[in-house]
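Numbering (the UniProt record's numbering), first residue to last: 1 to 349.
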């Protein structure tokens, strides 16, 4: 191995509104001389195989002026190609426990970052697809499973409503809820996604909110109220759903994608039904997936998801962009709701 291509994606400027591929991102052509690169103590070089394209990148990274001119970062799955770290040898498959895999073909991890790398579970890899280890058996699965169990406290026969139900997290939440005996209702933004929810994931009901609206959709499909709301959208969707929640409902606040691209605070959604959280004694709670790291919820998550995938009880759909050249487009398409399932980018085999 001599000098090889190491193309990457940098942020050209902080977006206002939804990012645009050509305006806000730039593909930079670089090389890396892996063979002659001198590694310091505990340093490694990774060949990035898959990148996870997630909504949080928009508010957390792209809104930070300090990110301009730098490689965009996120979660990913990589192969070690050079190592001066006793914990990692060449050919090891690893993922980062924090979002610090660059949108680039190769990443040079210095000693202070290498400690965030974790080995892919070899036993689990024997009978599960490698790409499932980017998110389903990683932070994505934990994001779905742990708060549903700890905040939602699902009980058989209850009704759960999931916004962005055909997305990376919604599809997992819905299937777990079905396994637990709940009635599962999801909203999504196209008829194709409704078909996916009903016919592939076997939701009890699903509707295209762009056609009938959240209020009419919930009136039709949740006539007896909602016991658990797993929310990925926030804003008006959250406000309307509060009105449809039953007494003692639990609202799990995973994300607020409807608000991520609003930069003017005055344009943020103003809630009208927030008083009903008090009147109905609703529990509304946010979370961060890392808070579950090392807990019993994480152990149960890994055990149960693996068991369900092996048994064919849980499927995991991915929307794959191929090549570093298409990473930014895949990300922007995801923000615009064009993906079905988890948005990922495949950089190499």
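Glycine is no exception: its CB is placed at the ideal position from the N, C-alpha and C atoms.
Point to revise | Residue(s) in a DSSP beta bridge with residue 128 | key: If you number the chain shown from 1, residue 128 lands on position 128. Bridge partners of residue 128: none, in fact.
Point to revise | the stretch 203-218 / the stretch 123-133 touching (three or more Cβ pairs under 8 angstroms) | key: no
Practice item. Rounded to whole angstroms, what's the CA-CA distance from residue 247 to residue 63? Just pull it up for me. Key: In the chain shown, counting from the first residue as 1, residue 247 sits at position 247. In the chain shown, counting from the first residue as 1, residue 63 sits at position 63. Going from the Cα of residue 247 to the Cα of residue 63 covers about 37 angstroms.
Check your understanding: Can you give the Cα-Cα distance for residue 258 and residue 44, rounded to whole angstroms?
Key -> As a first step, residue 258 is located in the chain shown; it is residue number 258 there, counting from the start. As a first step, residue 44 is located in the chain shown; it is residue number 44 there, counting from the start. Distance between the alpha carbons of residue 258 and residue 44 is about 38 angstroms.
Review point. So residue 137 packs on residue 302, CB below 8 angstroms; how close in whole Å?
Key: Here residue 137 refers to the residue found at position 137 of the chain shown. Here residue 302 refers to the residue found at position 302 of the chain shown. Indeed they touch by this definition, with Cβ atoms about 7 angstroms apart.
Check your understanding: How should residue 286 be labelled, buried or exposed, when 16 other C-beta atoms within 10 angstroms of its C-beta is the threshold for buried?
Key -> The residue you call residue 286 lines up with position 286 of the chain shown. The residue in question, residue 286, is exposed, as its Cβ has fewer than 16 Cβ neighbours within 10 Å.
Point to revise | Segment limits, beta strand (DSSP E) that includes residue 26 | key: Position 26 of the chain shown, counted from the start, is the residue given in the question as residue 26. From DSSP, the beta strand (DSSP E) with residue 26 extends over 25-28.
Check your understanding: Can you tell me the Cα-Cα spacing of residue 53 and residue 40, whole angstroms?
Key -> Within the chain shown, numbered from 1, the residue matching residue 53 stands at position 53. Within the chain shown, numbered from 1, the residue matching residue 40 stands at position 40. C-alpha separation (whole angstroms): 30 angstroms.
Practice item. Determine the contact status of residue 76 and residue 51, defining contact as a CB-CB distance below 7 angstroms. Key: By 1-based counting over the chain shown, the position of residue 76 is 76. By 1-based counting over the chain shown, the position of residue 51 is 51. In this structure, residue 51 lies closer than 7 angstroms to residue 76 by Cβ.
**Study point:** Close-in-space but distant-in-sequence residues of the same chain around residue 222 (CB under 7 angstroms, 5 per side omitted)
**Key:** Within the chain shown, numbered from 1, the residue matching residue 222 stands at position 222. Answer for residue 222: 159, 161, 185, 244, listed in chain order.
**Study point:** Exposure label - residue 119; buried when at least 16 CB within 10 Å
**Key:** In the chain shown, counting from the first residue as 1, residue 119 sits at position 119. The residue is exposed, with fewer than 16 neighbouring Cβ atoms inside 10 Å.
Practice item. Pull up the distance between the alpha-carbon of residue 331 and that of residue 19, whole angstroms please. Key: The sequence position of residue 331 within the chain shown is 331, counting from 1. The sequence position of residue 19 within the chain shown is 19, counting from 1. Their backbone Cα atoms lie some 9 angstroms apart in a straight line.
**Study point:** residue 9 (DSSP reduced to helix, strand or coil)
**Key:** Residue numbering aside, residue 9 sits at position 9 when the chain shown is read from its first letter. In the structure shown, residue 9 sits in a strand (DSSP, three-state: E or B).
Check your understanding: How big is the Cα-Cα spacing for residue 207 and residue 201?
Key -> Stepping through the chain shown from its first residue, residue 207 is reached at position 207. Stepping through the chain shown from its first residue, residue 201 is reached at position 201. The straight-line gap from Cα to Cα measures roughly 14 angstroms.
Review point. Which parts of the UniProt domain "Alcohol dehydrogenase-like C-terminal" (169-299) are runs of the beta strand (DSSP E), unbroken and 3 residues or longer, counting only runs that do not cross its ends?
Key: 183-188, 205-208, 226-231, 245-253, 283-286
Exercise for review: May I ask whether a heavy atom of the ligand MN can be found less than 6 angstroms away from the beta carbon of residue 147?
Suggested key: This structure simply doesn't include the ligand MN, nor any ligand for that matter.
Point to revise | Whole-number beta carbon distance between residue 153 and residue 250, since they are thought to touch under 8 angstroms | key: Reading the chain shown from its first residue, position 250 is the one you call residue 250. Reading the chain shown from its first residue, position 153 is the one you call residue 153. Yes, residue 250 and residue 153 are in contact; Cβ-Cβ is about 6 angstroms, under 8 angstroms.
Review point. Are the stretch 336-343 and the stretch 189-196 touching, with three or more C-beta to C-beta distances below 8 angstroms?
Key: yes
Review point. Should the stretch 162-180 be regarded as contacting the stretch 144-151, the criterion being three or more beta carbon pairs within less than 8 angstroms?
Key: yes
Practice item. Grab the span of the beta strand (DSSP E) containing residue 111 for me, first residue to last. Key: As a position in the chain shown, residue 111 is number 111, starting the count at 1. Careful: residue 111 lies outside any beta strand (DSSP E), inside the alpha helix (DSSP H) at 111-114.
Point to revise | residue 38 beta carbon less than 7 angstroms from that of residue 24 | key: Within the chain shown, residue 24 is the residue found at index 24, counting from 1. Within the chain shown, residue 38 is the residue found at index 38, counting from 1. No.
Point to revise | Classification of residue 274 by the beta-carbon crowding that lies within 10 angstroms, buried from 16 upward | key: One-based indexing of the chain shown puts residue 274 at position 274. So residue 274 counts as exposed.
Review point. How would you call residue 141, buried or exposed, if buried means at least 16 neighbouring beta carbons within 10 angstroms?
Key: What you label residue 141 is simply residue 141 of the chain shown in a count that begins at 1. So residue 141 counts as buried.
Check your understanding: So what does residue 167 bridge to, in DSSP terms?
Key -> The residue you call residue 167 lines up with position 167 of the chain shown. DSSP output for residue 167 lists 341 as bridge partner(s).
Review point. First and last residue of the beta strand (DSSP E) that includes residue 2?
Key: Looking up residue 2 in the chain shown gives position 2. Premise fails: residue 2 is in no beta strand (DSSP E) and is neither H nor E.
Exercise for review: Pick helix, strand or coil for residue 21, following the three-state DSSP scheme.
Suggested key: Counted from its first residue, the chain shown places residue 21 at position 21. In the structure shown, residue 21 sits in a helix (DSSP, three-state: H, G or I).
Review point. Between the stretch 65-74 and the stretch 95-109, are three or more C-beta pairs nearer than 8 angstroms?
Key: yes
Check your understanding: What span of residues does the alpha helix (DSSP H) with residue 332 cover, start to end?
Key -> Taking the chain shown and counting its residues from 1, the one referred to as residue 332 is at position 332. 327-335 is the extent of the alpha helix (DSSP H) around residue 332.
Practice item. Report the partner residues of residue 101 according to the DSSP bridge assignment. Key: Against the chain shown, residue 101 aligns to sequence position 101. According to DSSP, residue 101 bridges with 74.
Review point. Roughly how many whole angstroms lie between the Cα atoms of residue 32 and residue 268?
Key: For this step, residue 32 is matched to residue 32 along the chain shown. For this step, residue 268 is matched to residue 268 along the chain shown. Taking the straight line from one Cα to the other gives about 44 angstroms.
Review point. On the premise that residue 111 lies in contact with residue 48, defined as a C-beta separation below 8 angstroms, what is that separation, rounded to the nearest angstrom?
Key: Within the chain shown, the letter at position 48 stands for residue 48. Within the chain shown, the letter at position 111 stands for residue 111. Actually they are not in contact, since the Cβ atoms of residue 48 and residue 111 sit about 19 angstroms apart, beyond 8 angstroms.
Practice item. Let me know the secondary structure DSSP gives residue 315 once reduced to three states. Key: Your numbering for residue 315 matches position 315 in the chain shown. In this structure, residue 315 counts as coil in the three-state DSSP scheme.
Exercise for review: Per DSSP, which residues does residue 353 bridge with? Please list them.
Suggested key: Outside the shown range of the chain, which is 1 to 349, sits residue 353, and nothing can be said about it.
Check your understanding: Which residues bound the beta strand (DSSP E) around residue 14?
Key -> For this step, residue 14 is matched to residue 14 along the chain shown. No beta strand (DSSP E) holds residue 14; DSSP gives it neither H nor E.
Check your understanding: Taking just the CA atoms, how far does residue 308 sit from residue 121?
Key -> Mapped onto the chain shown, residue 121 falls at position 121. Mapped onto the chain shown, residue 308 falls at position 308. Near 17 angstroms, if we compare the C-alpha coordinates of residue 308 and residue 121.
Point to revise | Contact under 7 angstroms by Cβ, residue 163 with residue 239 | key: Along the chain shown, read from residue 1 onward, the residue named residue 163 stands at position 163. Along the chain shown, read from residue 1 onward, the residue named residue 239 stands at position 239. Contact flag unset, no.
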